[in-house]
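Input: a single structure, listed below in structure tokens.
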Amino acid sequence: MCNFRYYVAYLYSRDPAVLSILCPALLAVSVFCIFDAMQACQEGVLRGCALQGRASTYKLLAMLLIRLPLGYVFAFGWGVIPAMGVPGIWWASVVGMAITCTAYGLIIYRCDFDKCAQAALDRREKEEKLKAASSPLLKEEEAAGAGAAV
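Note that UniProt numbering has the sequence shown beginning at 1, numbered continuously upward.
Have a look at this one:
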């Protein structure tokens, strides 16, 4: 997408004013896609380790404390930082996603996968025990329903 951003932008508009905004924004979007793919894989690992609550917290903090303020600063400028407009919003998203990926990487690096696997086995055993100890009324209904289903 990075190399073909001019062609992609040309598919949507031929107006030079639109192209001058869209082409730099597509460059930022292409970089964002790299970090977004990394972050999606890392979230899968964290979900498998039952750490999705921590991952959600980190992502929310990155969005509120990094992406949102930087998006404003990059879009409208502040002090010595020039206004970038729409591409600035995307570059702020790139920075926020890169920080999120770094935080996820640190969590995964410090994760004890043997402990996570054992916790998953314990949860499964607990669910099976709860299922086996279900209400006797449910068992009667299942038995009555099984005979009538013929």
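Ideal Cβ placement from N, Cα and C applies to all residues, glycine included.
The structure presented is a predicted model; accordingly, all values stated were derived computationally and were not measured.
Span of the alpha helix (DSSP H), counted from its first residue to its last, around residue i
i, result
"Ser13", "Neither: Ser13 is in no alpha helix (DSSP H) and is coded neither H nor E."
"Leu60", "52 to 62"
Status (buried if at least 16 other CB within 10 Å, exposed otherwise) for residue i
i, result
"Ile81", "exposed"
"Gly71", "buried"
"Ala40", "exposed"
"Val18", "exposed"
6 Å Cβ shell around residue i - same chain, five flanking residues per side excluded
i, result
"Lys59", "Thr100"
"Phe74", "Met84, Gly88, Trp91, Ala92"
Proximal residues to residue i (C-beta, below 7 Å), its chain only, five neighbours per side dropped
i, result
"Ile107", "Leu46, Leu51, Arg54"
"Phe76", "Ala83"
Distance between beta carbons of residue j and residue i, contact taken as under 8 Å
i, j, result
"Gly105", "Gln42", "7 Å"
"Ala9", "Leu26", "6 Å"
"Leu22", "Ser13", "7 Å"
For the region 74 to 115, which segments carrying the alpha helix (DSSP H) assignment without a break, of at least 4 residues, lie completely within its bounds, in sequence order?
Runs found: 86 to 110.
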